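>
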Amino acid sequence: MNSVLYTNITRFILLVGLQVLVLNHINFLGYINPYVYILFIILFPIKNSRTLFIFLSFIIGLTIDIFTDSGGIHAAACVSIAYARPIVLKFCFGTVYEYQTVKFDTVEFSSKFLYITILTVLHHIILFSLEIFNISKVILTVQKTLFSSIFTIILCILVTIIFSRKTK
Amino acid sequence: MQQIINFIIRNKTFLLFLLLFSISLTFTIQTHSYHKSKFINSANFLTGGVYNSISNINRYFDLKSQNDILIEENNKLKSILYNTKNKKDSSYIDDLSLNHTYKFTTASVLKNSYSSSKNVLLLNKGFSDSIKEDFGVISSKGIVGIIDNTSRHYATVISVLNTTSKISAQLKKTNHFGTLIWNGISPYFTQLTDIPKIAPVKVGDTIITSGRSSIFPKGIPVGIIQDFKLDVAENYYEINIKLFNDMTNIEHVYVIENIDINEITNLLKSSTNE
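If you read the sequences in order, they're chains X and Y. All residue numbers for the first sequence refer to the numbering used here, where the first residue is 146 and numbers rise by one. All residue numbers for the second sequence refer to the numbering used here, where the first residue is 17 and numbers rise by one.
1) Report the residue from X:Thr-155, X:Asn-169 and X:Leu-150 whose alpha carbon sits nearest the alpha carbon of Tyr-130 (chain Y).
2) By how many angstroms is the C-alpha of Glu-253 (chain X) removed from the C-alpha of Leu-303 (chain X)?
3) At the 7 Å Cβ level, is Glu-253 (chain X) part of the contact set with chain Y, yes or no?
4) Say whether chain X places a C-beta atom closer than 7 Å to the C-beta of Lys-28 (chain Y).
5) Taking the C-alpha atoms as reference points, what is the distance between Ile-277 (chain Y) and Ile-187 (chain X)?
6) Compare the C-alpha of Leu-207 (chain X) against each of X:Ala-229, X:Phe-236 and X:Phe-157 and name the closest.
7) For the candidate residues Y:Thr-179, Y:Ala-59, Y:Gly-158 and Y:Thr-222, whose alpha-carbon lies nearest to that of Ile-266 (chain Y)?
8) I need the DSSP call for Lys-313 (chain X), collapsed to helix, strand or coil.
9) For Asn-172 (chain X), go through chain Y and note every residue whose CB falls closer than 7 Å to its CB, in chain order.
10) Along the chain, where does the alpha helix (DSSP H) containing Asp-210 (chain Y) start, and where does it finish?
11) Measure the beta-carbon distance from Phe-249 (chain X) to Thr-305 (chain X) and round it to whole angstroms, keeping in mind my assumption that it falls under 8 Å.
12) Among residues of its own chain, excluding the 5 on either side of Met-263 (chain Y), which ones have a beta-carbon nearer than 6 Å to its beta-carbon?
13) Quick one: grab the DSSP three-state call for Ile-275 (chain Y).
14) From Ser-287 (chain Y) to Ile-280 (chain Y), what distance separates their C-alpha atoms?
15) Do you know how far the Cα of Trp-198 (chain Y) is from the Cα of Pro-179 (chain X)?
16) To the nearest angstrom, how far is it from the Cα of Thr-121 (chain Y) to the Cα of Ser-281 (chain X)?
17) With the cut-off set at 7 Å, would you say Gly-235 (chain Y) and Ile-224 (chain Y) are in Cβ contact?
18) With 16 other CB atoms within 10 Å as the buried threshold, where does His-219 (chain X) fall?
19) Pro-237 (chain Y) lies in the beta strand (DSSP E); which residues open and close that run?
20) Along chain X, in chain order, which residues have C-beta atoms closer than 7 Å to that of Gln-46 (chain Y)?
21) Cα-Cα, which of Y:Ser-226, Y:Ser-71 and Y:Lys-119 is closest to Val-165 (chain X)?
22) What are the residues in the region 189-200 of chain X lying within 8 Å of chain Y by C-beta distance?
23) Just to confirm before moving on: does the CB-CB distance between Gly-194 (chain Y) and Ile-174 (chain Y) stay below 7 Å?
24) Taking the alpha helix (DSSP H) that Thr-63 (chain Y) belongs to, which residues open and close that run?
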């Protein structure tokens, strides 16, 4: 239990630091930034209580918001994907999830890819529609969502592959 | 009563989600209106400290270009200073406090952003350096933004690249004035609206601040006209302005305090009340 706690605290601090100090300054082609900190929500242990999980997601979103002066857009997006995660898990992993035995290091690549993609796209849609907050600029919203999602998904998958423990 | 408690316990995740989501929505909507974002801003001890220590390292990589900008400004000021025709005579009273409406403070930018639609900068001076809300911020080349929140050592600036920012600006050659806004697309261009159709607008004309808002003095350069068109009602121009400032590369800025601002606002308030 303690090792899980320490892993998640370290992950929280490392991901927030990485996000605000490095990734927010990439500005690829002027506006495309990856939001890799959602890996905290994606990789959070499944067995823990849902209320704690949603609360922690809110805290990580709010931390990013304070650093980037963006009001509450990251917090809102994080809370939403945290709430939607069990449904997405069920959809992607099916019976493995029902028995509560999903280990992200050992699941198939295709279902992991689908899981990360759904959560990332959902997060980015909420994030950018709240950021732009203007129906007449829907094309800009979709454009930002699409490009940033691609960037985020690639980086998330790379990070999970690089840092996975080979316990097969 | 029992049923209500049971309902809350059964749906506690959903209710928690709803509560946290509405809190974050409230924070979001607060940032949409000007000067309301009191809680969530980076001008605090923790984030300011982190950005400050990182900025101390990062600025070394930027030294050359920032030095070029500073030397360019020095060059401009020197050429103005030594080319003035009417030299001051010896009876000139050397007093800083005389006839000075605007007080300048230097600051450096700790955090800059230009890719979102509500961009905010962080400066390394706060209310312990007597910087307050609604002071103007400029760089050597032109306008940057307006101070929003301050803490003891840090201050946030609503950049001109923020869709909530509204700054009064005018044409340099005539006194037709309008409002400077940003459409959220390119960090190199802002938009000037409400310039009446009668104004002689040409591509390449200079736009300066109008001094009507009493935040900025009159005549701070903003940019040049890139292109323009009439709006839907065909009464006002919508002008695309290329900024003089490269908002993606700002380090040293000046904060402007208007010493007479209380007098001006009181006067305006009393005249509108009557």
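From the three backbone atoms N, C-alpha and C, an ideal C-beta is built for every residue, glycine too. Computed from a predicted model, the values in this text were never measured in an experiment.
In terms of the structure at hand:
1) X:Asn-169
2) 15 Å
3) no
4) yes
5) 51 Å
6) X:Phe-157
7) Cα-wise, what sits closest to Ile-266 (chain Y) is Y:Gly-158.
8) With a pLDDT of only 44 at Lys-313 (chain X), under the threshold of 50, the placement of this residue in the model should not be trusted, and no figure is reported.
9) Ser-131
10) Where Asp-210 (chain Y) is concerned, there is no enclosing alpha helix (DSSP H), although the beta strand (DSSP E) it sits in stretches over 205-212.
11) Confirmed, Cβ separation roughly 7 Å.
12) Tyr-130, Leu-177 and Pro-203
13) Here Ile-275 (chain Y) sits in coil by DSSP.
14) Those two C-alpha atoms are separated by around 11 Å.
15) 24 Å
16) 40 Å
17) yes
18) Buried, since its Cβ has 16 or more Cβ neighbours within 10 Å.
19) 237-246
20) Gly-216
21) When only C-alpha atoms are compared, the closest one is Y:Ser-71.
22) Arg-195, Thr-196, Ile-199 and Phe-200
23) no
24) 61-77
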